[in-house]
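Residue numbers (full-length UniProt numbering): 1 to 471.
Okay, here's the thing in structure tokens:
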């Protein structure tokens, strides 16, 4: 089928078949509207397990390459631009050495914070081991201020990880270590302040993104987000040289994935008008349905600045993130970082480098993916049990949070500011929106750092609270 021939040693069958179909669709060999064979027939023709084909179809549907029509089958999606794969001219990195009253507040409310991982599962012993190794074995100059761009050891580890897991090829000279995503955005806003004065941000989005650019006197323009991510067609075509900030793998807070059609639109817009795209690869490691969505950076390495962080995968206390910067911008970004004296702990960087290169980071991700998938399923089940069809759970394909939508035919406008008095803390969509009042029945439920018992009790209190607005 499709002329697909798996190659030994080139990754899992799922990864190979996904990649092959992406390339085949993008090349035009499979035209829009073409009906794919049913999963059972495809599995028989390929000689592989049916669940592999099912997972591939689900993955490509999530990315926008395929559409599924009940009773009709699976089809190639419309609107995908035919193109040749973009190539990154950067050199390939060499292989590395291997029951309470709901109105009575608790001392500590149950917090559905969407940005905190399960802190109880942070690998304390391993982390302590690597910190001790760094302190005991590194030369004296390791305890100086260090390279403003970040330690070479961590940049090598990050480059190796990105190549293995995400397919991003970049040398260490293009990697910049930062103290988390917020600092990375501050660095970029400062670096571009003399040349790019307009920035397009997702609406809604995490608050610090707009705040940083506004404080730097940018013209911040919100662009609506729906179930296919940012609506790229709403970006003005007349103004050149702007910045576009995207979370394409798992938009925060809606949970949507930027479709392949809109990814291509964003890249075409950037290349035509001289924009740069800042890709915040938020929570991409934790895909619960299918494999990781390919980074937008792979489509246009020269127009996309890729931002990653270890705050969501390990711990926000580490305060370590990174940027992958196009070659023509790296000198500007590093110079700006030096002028602002923005640094991250060298000891933590060296410990993290060892943690990654010894394989513990991959194992931790694998473990936490199963943990969050279990919590997600449990949360969805409890929402259905308590709220029935009065709510809709959206954006549960990835990450550590979901969007909970209270149906307008079941609830009036909910006064979320009163919720904490019932011993529950969460964020409504208004907390992330530049224009408030448009999403009265939408809330964000993070579950990463909650136990199942806390999820049950928190949702029980939320149900009692929202009953006051039942129609």
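Cβ coordinates follow ideal geometry from the N, Cα and C atoms, glycine included. Since this is a predicted model, take the numbers as computed values, not measurements.
- With contact defined as three or more Cβ pairs closer than 8 Å, the segment 343-350 and the segment 203-217 are not in contact.
- If you compare the alpha carbons of 199, 450, 29 and 463 with that of residue 111, the shortest gap goes to 450.
- The three-state secondary structure of residue 69, taken from DSSP, is strand.
- Under the three-state reduction of DSSP, residue 75 is assigned to strand.
- When secondary structure is reduced to three states using DSSP, residue 301 falls in the coil class, being assigned neither helix nor strand.
- Cβ-Cβ distances below 8 Å link residue 198 to 218, 219, 221, 239, 241, 242 and 243 in the same chain, with the five nearest sequence neighbours on each side left out; the list follows chain order.
- Across the structure, residue 413 and residue 141 are spaced so that their CA atoms are roughly 59 Å apart.
- Per the coordinates, the alpha-carbon of residue 48 lies some 47 Å from the alpha-carbon of residue 425.
- Nearest neighbour of residue 385 by Cα position, chosen from 320, 457, 431 and 324, turns out to be 457.
- For residue 453, the enclosing alpha helix (DSSP H) starts and ends at 452-466.
- One thing to note: residue 196 has its Cβ within 9 Å of the Cβ of residue 276.
- Taken through DSSP and simplified to helix, strand or coil, residue 143 comes out as helix.
- In this structure, residue 181 keeps its C-beta atom at 9 Å or more from the C-beta atom of residue 253.
- Checking the DSSP bridge columns, you'll see residue 243 partnered with 199 and 276.
- Across the structure, residue 116 and residue 416 are spaced so that their CA atoms are roughly 21 Å apart.
- For a cut-off of 8 Å, the C-beta gap from residue 378 to residue 331 is around 49 Å, too long to register as a contact.
- Per DSSP, reduced to three states, the secondary structure at residue 208 is helical.
- Between residue 270 and residue 303, the CB-CB gap stays under 9 Å.
- Taking the C-beta atoms as reference points, residue 249 is found nearer than 9 Å to residue 284.
- Under the three-state reduction of DSSP, residue 404 is assigned to strand.
- Annotation: residue 19 is outside any beta strand (DSSP E); the continuous alpha helix (DSSP H) that includes it extends over 13-27.
- CA-CA distance, residue 374 to residue 365, rounds to 14 Å.
- Between the alpha carbons of residue 258 and residue 399 lies a distance of about 14 Å.
- Remark: C-beta atoms of residue 296 and residue 306 approach each other more closely than 9 Å.
- No Cβ-Cβ contact shorter than 9 Å links residue 430 with residue 407.
- Given a length threshold of 4 residues, each whole run of the alpha helix (DSSP H) inside the segment 329-357 is given here in chain order: 330-340 and 346-357.
- In the same chain as residue 38, and ignoring 5 residues on each side of it, the C-beta atoms closer than 7 Å to its own belong to 73, in chain order.
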